[in-house]
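The number in the working numbering is simply the position in the sequence shown, starting from 1, with 64 added.
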Amino acid sequence: MTQSSPVLPWKTKFVLSVLSAVTDFARRDDGTINRRLLSFLNFRAPPNSTPVNGVKTSDVTVDPSRNLWFRLFEPTEVPGRGEKLPVIVFFHGGGFAFMSADSKAYDAVCRRFARKIPAIVASVNYRLSPEHRCPAQYDDGFDVLKYLDSQPPANSDLSMCFLVGDSAGANLAHNLTVRACETTTFREVKVVGLVPIQPFFGGEERTESERRLEGSPLVSMRRTDCMWKMFSPEGADRDHEAANVSGPRGRELSEVEFPATMVFIGGFDPLQDWQRRYCEWLKRSGKEVRVLEYGSAIHAFYIFPELPEASLLFAEVKNFVEKQKKTHRQYPSMI
């Protein structure tokens, strides 16, 4: 018998209910966001120069005129002293309109990546919609890559750069990977891996999983429709190339030197059909793709350490990074 709903701890259910309610209450009827309300409800973690759980953090300004910065996570307990660390450039989720690089949930996620892999992590604080529509978020991400290329963090190996994001952040990570692979100006940055975690893609069509799981926390069709409307360029529909990346208006990738990709999909995520189409599209384009599906996973499961799939995800990302490091050391001409 197919399980009709996820079995979740009460704490997880409560947090999901609160996050969904905040998302709804903060959206105004005119399509704007009540930022004042969100400022009280987006619990933030300050940077820590003294290590916490083996990781120290600092906030690095890229462009103060648009509040573009990233939080740098540096592990302090690293095996094999003297060895430079791979770099993860991370893009947080939140439907392009919510959350930030210093949100407590994402501070914890990036801290865990930095410690577990270990890796240098740069979590990008990009501009949010609807105040800033597409492609502002892509431009912010690319400018952070350019900044890292010109000012590499200490002890970092930017020839081992991975773009990682969740939900809307995974959408950004994909698009930034395409842009980074096509640029010829980077001296240090080489993107060797992409990890889209439950990527936020969509389209005008209503998929089977969207209909079947309508009413799910965070990503019901009503909420995602609003998010696409706030993010997409004026006048664009959900088949715009930023949303429906594998659709007829999507970018052709067959000639792009795209890196190895690992995609995470959850069985209780309404977006799963769009994510599978994305994976099949990459495969048809001749790209190396590994798909991990967790049948009982909800959208955003990775921000809940009490869920067993969260630990599995961090272990898989660690293995993916290690595999790419070995591959590119064995075949240096690929870099």
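Backbone N, C-alpha and C define an ideal beta-carbon position, used for all residues, glycine too.
Item	Value
First and last residue of the uninterrupted beta strand (DSSP E) at residue 357	353-362
Neighbourhood of residue 121 by C-beta, 7 Å cutoff - its chain only, sequence neighbours within 5 removed	111, 112, 135, 136 and 137
Residue range of the unbroken alpha helix (DSSP H) whose run includes residue 198	Counting along the chain, residue 198 falls outside any alpha helix (DSSP H), and DSSP gives it neither H nor E.
Cβ distance (whole Å) where residue 272 is taken to contact residue 216 below 8 Å	In fact, because the Cβ distance is near 45 Å, the residues do not count as touching under 8 Å.
For residue 154: DSSP bridge partner residues	187 and 228
Residues bridged to residue 440 [DSSP beta-bridge criterion]	Because the chain spans 65 through 399 in this model, residue 440 falls outside it and cannot be assessed.
Cβ separation of residue 358 and residue 265, assumed to be a contact under 8 Å, to the nearest whole Å	Contact flag wrong, Cβ pair sits at about 18 Å.
Delimiting residues of the beta strand (DSSP E) encompassing residue 169	That residue, residue 169, is in no beta strand (DSSP E); its alpha helix (DSSP H) goes 168-180.
Neighbourhood of residue 117 by C-beta distance below 7 Å, restricted to the same chain and skipping five residues each side	175 and 179
Per-residue burial, residue 167 [other beta carbons within 10 Å of its own, 16 or more giving buried]	buried
Residues that DSSP places opposite residue 220 in a beta bridge	149
Three or more C-beta pairs below 8 Å linking the segment 254-262 and the segment 322-340	yes
DSSP three-state assignment for residue 326, whether helix, strand or coil	strand
Given residue 220 as reference, the closest of 279, 254 and 189 once Cα atoms are compared	254
Cβ contact (3+ pairs, closer than 8 Å) linking the segment 355-374 and the segment 277-293	yes
CB contact check: residue 293 to chain B, cutoff 8 Å	The structure shown has no chain B; it contains just one protein chain.
Residue from 131, 161 and 151 with nearest C-alpha to residue 90	161
Range of the contiguous beta strand (DSSP E) that encloses residue 258	255-261
Cross-strand partners of residue 91 (DSSP beta bridge)	97
Collapsed DSSP secondary structure at residue 350 in the structure displayed	coil
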